[in-house]
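Peer 1: Below is one structure. I have some questions about it.
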Amino acid sequence: MCVRYTLHKTDAALGAISRALGEPLEVPDWAPRYNITLTDFAPVVARSGAAAAVRLMRWGLVPENERANPRPRLLANARAETVASLPAFRRAAAGRRCLVPANGFYEWLSRGTAKLPYLFTLRGEEPFALAGIWDPASDGLPETYCLLTTAPNEVMAPVHDRMPVILTAETMPRWIGDQPLAPGELVALTRPIDPGLMESRPLGRYVSNSRNQGPACLDGPDAPREGEFNFG
DNA sequence: CCAGACGTTGTT
DNA sequence: GTCTGG
DNA sequence: CCAGACGTTGTT
DNA sequence: GTCTGG
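-11 is the number of the first residue of the first sequence in this note's numbering; add one for each residue after it.
Structural data, given as structure tokens:
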């Protein structure tokens, strides 16, 4: 499950997407955040008609049967293997595929009882896009989005058995769109990214609390924490 | 993922 | 609201 | 036709 | 211990 990511270099991430699409994108009024999680609003690049545009959407799709619920269950992820056929995702997968700009994402390694956070990025801090689908606003809900997951690659596998679908400059323009994908194209686009393009490193526990939203989320395990004394 | 709650009825 | 299973 | 579901992950 | 909200 991918339930946390960071978008702290928004200009760079949107710039990379803009170049990949060959279309201009406006940077939204949005402060950098290092710990985006379910229910947060974040920039999403989606097509509305011909043009791609950036909109702030809320993370967490709400299936139809939950729409009347004042506290609906939110869907953070959709499996790439099943997204095209499941009722909750099918429509969005066919006609509302979006790009979710990111600079990195987090996963937790379960070691015994402990959960150790790791940061996953592209080499050289290359910005990227996560593959998403989105639902329009309705029933008093804002526009919402959801991230696709796929099998882990070699970088991911030691930490976690699923990973988000990461799109490159080559795959971004193929993924985004409001028309159904050709058969096989969805499969091709949601394959695990080349592990040679990725890197990971362990982090301190600060990021684990989703209330923490600042740059200290990227601190390593040995970084001093606020509110603690350093001895020696 | 973590943090925080974990409950109902009748009444004001 | 809409699809699926019975 | 109606009833019931509509989702993922982790963990064991 | 487990579920829910964020």
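Built from N, CA and C at the ideal position, the CB exists for glycine as well. Every value quoted in this text rests on a predicted model; they were computed, and no experiment measured them.
Using a Cβ-Cβ cut-off of 6 Å (strictly less than) and excluding sequence neighbours within five positions of Gly220, which residues of its own chain qualify?
Peer 2: Low local confidence applies: a pLDDT of 35 at Gly220 is under 50, so the model's placement there is unreliable, with the coordinate-based value given in what follows. Closer than 6 Å at Cβ, skipping near neighbours: no residue.
Peer 1: Decide if the segment 64 to 80 is in contact with the segment 132 to 151; the criterion is three or more beta carbon pairs, one per stretch, under 8 Å apart.
Peer 2: yes
Peer 1: Is the beta carbon of Phe77 closer than 7 Å to that of Cys(-10)?
Peer 2: no
Peer 1: Taking 7 Å as the threshold (C-beta atoms), are Pro209 and Pro190 in contact?
Peer 2: yes
Peer 1: How is Pro152 classed by DSSP in three states: helix, strand or coil?
Peer 2: If DSSP states are grouped into helix, strand and coil, Pro152 belongs with the strands.
Peer 1: Is it the case that the Cβ atoms of Leu185 and Trp163 are separated by a distance below 7 Å?
Peer 2: Judged by beta-carbon spacing, Trp163 lies beyond the 7 Å limit of Leu185, meaning their Cβ atoms are not closer than that value.
Peer 1: Thinking C-beta only, is Asp166 closer than 7 Å to Met35?
Peer 2: For the record, residue 35 in the displayed sequence is Arg; it is not Met. Closer than 7 Å, so yes.
Peer 1: For Leu2, which residues of its own chain have a beta-carbon under 6 Å away from its beta-carbon, when the five flanking residues on both sides are left out?
Peer 2: Leu13, Val15, Pro89
Peer 1: Considering only residues of the same chain and omitting the five flanking positions on each side of Ala4, which have a CB-CB separation below 6 Å?
Peer 2: Pro115
Peer 1: Let me confirm a value: Thr222 is counted as buried when at least 16 other C-beta atoms fall within 10 Å, else exposed. Which label applies?
Peer 2: Here the chain covers residues -11 to 220 and nothing more, so residue 222 does not appear.
Peer 1: Confirm, please, whether the CB-CB distance from Arg85 to Ile261 is below 7 Å.
Peer 2: The requested residue 261 does not occur in the structure, where the chain is confined to residues -11 to 220.
Peer 1: Buried or exposed: which applies to Trp18, given that a residue is buried once 16 or more other Cβ atoms fall within 10 Å of its Cβ?
Peer 2: exposed
Peer 1: Assuming Ser6 is part of the alpha helix (DSSP H), what are its boundary residues?
Peer 2: -2 to 9
Peer 1: Look up Ser36 in the DSSP assignment and say whether it is helix, strand or coil.
Peer 2: strand
Peer 1: Per DSSP, Thr137 is paired with what?
Peer 2: Arg67, Pro152, per the DSSP bridge assignment.
Peer 1: Would you please state the rounded distance, in angstroms, between the beta carbons of Ala117 and Leu87? I believe it to be under 8 Å.
Peer 2: 4 Å
Peer 1: Where does Ala204 fall in DSSP's three states?
Peer 2: helix
Peer 1: Around the Cβ of Pro171, are there at least 16 other Cβ atoms within 10 angstroms (buried) or fewer (exposed)?
Peer 2: Per the 10 Å Cβ criterion, exposed.
Peer 1: Please report the residue range of the beta strand (DSSP E) in which Pro190 lies.
Peer 2: Taken as a continuous stretch (DSSP letters only), the beta strand (DSSP E) holding Pro190 covers 186 to 190.
Peer 1: Can you have a look at Leu155 and say buried or exposed, based on whether 16 or more other CB atoms are within 10 angstroms of its CB?
Peer 2: buried
Peer 1: Under 7 Å Cβ to Cβ from Leu110, same chain only, skipping five residues before and after it: list those, please.
Peer 2: Phe116, Leu185, Met186
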